[in-house]
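**Q** Each residue of the sequence shown is one higher than the one before, starting from 1 at the first, in full-length UniProt numbering.
C-beta: ideal position from N, C-alpha, C; glycine also.
Note that this is a predicted model, so its numbers are computed, not measured.
So that we are looking at the same thing, I have put the structure below in structure tokens.
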Amino acid sequence: MNIENAQVQMRKGILEFCILHIISRGEVYASDMLDELTSARIMVVEGTLYPLLTRLKNSGWLDYKWVESSSGPPRKYYVLTEEGKIFLEAMQATWFELADSVSIVIKRTEDLSKNAASNPS
């Protein structure tokens, strides 16, 4: 596996979490999600986002409503359901636990590297 593939897999793993966080702030349009993810350097395209939104809706975590637009066709705005809010809270707890665990592993590796560099055999 090359580095680009590894990076894509890592990003895919957190995309759902980031999308749920964006939607948790209130009603949001899909293109606004794409803009925010892109500005956060999480590159995602419509072909990835829309199937994921459909899967999240089918899981009962999202709902949407159509809002008329004065500048074109109606827009679909997404919101979290109560079940989605509970799911996001559980994901967030898992994220913090995982981030702490990874930080411990990385720090230990860095500490061992520093010790090896300062104590050559």
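Quick check: what's the CA-CA separation for S118 versus R108?
**A** Cα-Cα distance, rounded: 15 Å.
**Q** Going straight from the alpha carbon of E27 to that of W66, what length do you get?
**A** Rounded to the nearest angstrom, the two C-alpha atoms are 11 Å apart.
**Q** Among M43, I19, L62, R55, whose alpha-carbon lies nearest the alpha-carbon of I33?
**A** Residue identity check: residue 33 is Met in the sequence provided, not Ile. It is I19 whose Cα lies nearest to the Cα of M33.
**Q** Taking S24 as the reference, which of E82, T54, A99 has the closest Cα?
**A** Of the candidates E82, T54, A99, the one whose C-alpha sits nearest the C-alpha of S24 is E82.
**Q** What span of residues does the beta strand (DSSP E) with S69 cover, start to end?
**A** Unbroken beta strand (DSSP E) run through S69: 62–69.
**Q** For T13, count neighbouring C-beta atoms within 10 Å of its own C-beta (all shown protein chains included) and say buried if the count is 16 or more, exposed if not.
**A** For clarity, residue 13 is Gly in the given sequence; the question names Thr instead. G13 should be labelled exposed.
**Q** My guess is that K76 and A30 are in contact by the Cβ rule of under 8 Å, so how many angstroms apart are they, rounded?
**A** Right, the Cβ-Cβ distance comes to about 7 Å (below 8 Å), so this counts as a contact.
**Q** When you compare only the Cα positions, how much space is there between W61 and S69?
**A** Cα to Cα, the separation comes out at about 25 Å.
**Q** Between S103, A116, H21, L80, which lies nearest to S59 when the distance is taken from Cα to Cα?
**A** It is L80 whose Cα lies nearest to the Cα of S59.
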